[in-house]
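Here's the structure, in structure tokens; my notes come after.
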Amino acid sequence: MPSETPLTVDDFDAIAYRAAALDDPTPVVAELIAAVERGPVEDDETAAHAFILAAEITERAGDLPGALGYARRATEVPGEDGLARAGYAELLVKSGREKEGRELFDALRPELLQDPHAPAYVGEALDACGLGAVAEEWLSVAARTIVEENQFGPEDDSDDLGVLDLLFAVLTERHRIRESMEFPHDELDGLFHEMEDALDEDEPVESGQALLYWPEAELAQVLQRWPERADIYGLDWLDHRTNVERTLAAWSSTGVTRIALIPGSMAGLLAYAAEAGVDPGDREAQADYAADRADGGELTEWPPQRNGACWCASGAKYKKCCLPRSRA
Ligand SMILES: [Zn+2]
Ligand SMILES: [Zn+2]
């Protein structure tokens, strides 16, 4: 019986997540496609997201032509915002169809001066198919164009937040790509760091904060022993990581800097509770254990690099693993 509740980004992410454990993810891709075709889907962006997920999984499984087909379908969703076209262009170049891919990238280039999301998705897609140098050039030209047209520096109290957002997005992606190419800092990289510092000062800065999370095996033990603690940790490993990632993203968006993750362990919790003379299943005792671990425990900085290993130890890149869990 088809469900009438529209499918969300989370629903598709939950399906796609299961592909990570499979040698052959074909059934998961088939399920994604069946779900998006059957619908109803929350909105067009969500439908495009489903096809992009199918393309990513298929590419990871080594089927480039298959991935290309799903990426093309993502571009055919009405109201697609450029992200899907960038992904399709990337796969075209990777498939040896460089001319077509480059044409598609060329068509997206004006977005760098329009859409604050574009620098990241255009830059990453170019970078991923070996065109990092093109990305660096385009982002440099875009940054200079914005600076020249607006005549402001980092000290300026410009009211035009849209332009500042766009400039910061361009400079951020440019800086990331130049670092990966091991370019020395130039004036625009300097401007990026000045803007970054200025943004930090604008926000209520809290000193570092750490969040306790349970690695997969530990979480299983905790939830088996105290199922009621699903109220704070989530129902399962997927749910737990979504909660953690959302909490940290929320902290970050309110200006908390120097965020860290601390892995908890059942053995550590039991030892802590025994020493403190408290019930280890108690909600408050677990919060105290987390606070205790935050003082001097092993900390993992968050967020990881987008292309670096995810903090959850899944083995996948952060941008393909827990990063998207904070969305929607
Ligand atoms: Zn730097
Ligand atoms: Zn992860």
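If you use the working numbering, the sequence shown closes out at 331, no skipped numbers anywhere. Quick reminder that beta carbons are idealized off the backbone N, C-alpha and C, glycines included. Here the structure is a predicted model, which means the values were calculated and not measured.
Bridge partner(s) assigned by DSSP for residue i
{"i": "TYR292", "result": "For TYR292, which the question treats as bridged, DSSP gives no partner whatsoever."}
{"i": "TRP305", "result": "ILE262"}
{"i": "GLN212", "result": "ILE262"}
{"i": "LYS320", "result": "ALA312"}
{"i": "VAL166", "result": "In the DSSP output, where bridge partners are listed per residue, VAL166 has none listed."}
{"i": "LEU10", "result": "VAL44"}
Near ligand 2: residue i beta-carbon under 6 Å from a heavy atom
{"i": "SER317", "result": "yes"}
{"i": "ALA325", "result": "Per the sequence presented here, residue 325 reads as Cys, with Ala not at that position. For ligand 2, at least one heavy atom lies less than 6 Å from the Cβ of CYS325."}
{"i": "CYS313", "result": "yes"}
Residue i to residue j span [Cα, whole Å]
{"i": "VAL96", "j": "TRP217", "result": "40 Å"}
{"i": "PRO9", "j": "GLU278", "result": "50 Å"}
{"i": "PRO119", "j": "ALA319", "result": "26 Å"}
{"i": "ALA138", "j": "LEU116", "result": "14 Å"}
{"i": "GLY237", "j": "LEU191", "result": "43 Å"}
{"i": "ARG244", "j": "ASP27", "result": "24 Å"}
{"i": "VAL144", "j": "GLY165", "result": "18 Å"}
{"i": "GLU79", "j": "CYS325", "result": "27 Å"}
{"i": "ASP168", "j": "PRO122", "result": "11 Å"}
{"i": "PRO307", "j": "LEU251", "result": "12 Å"}
{"i": "GLU45", "j": "ASN246", "result": "22 Å"}
{"i": "ARG330", "j": "ARG100", "result": "32 Å"}
{"i": "MET269", "j": "ASP298", "result": "18 Å"}
{"i": "ALA51", "j": "ASP239", "result": "27 Å"}
{"i": "PHE195", "j": "HIS178", "result": "7 Å"}
{"i": "ARG328", "j": "LEU94", "result": "24 Å"}
{"i": "GLY334", "j": "VAL173", "result": "It is not possible to answer for residue 334, since the shown part of the chain is limited to 4 through 331."}
{"i": "LEU142", "j": "PHE54", "result": "28 Å"}
{"i": "ASP282", "j": "GLU219", "result": "23 Å"}
{"i": "ARG21", "j": "GLU48", "result": "22 Å"}
{"i": "LEU202", "j": "ALA33", "result": "44 Å"}
{"i": "VAL39", "j": "LEU273", "result": "45 Å"}
Residues whose Cβ lies closer than 6 Å to any heavy atom of ligand 1, in chain order: That query returns the following residues: HIS178, HIS188, ASP192 and HIS196.
Contained alpha helix (DSSP H) runs [length at least 4] in the segment 31-113, N- to C-terminal order: Along the segment 31-113, the alpha helix (DSSP H) occurs as fully enclosed runs of 4 or more residues at 47-63, 67-78, 86-97 and 101-111, listed in sequence order.
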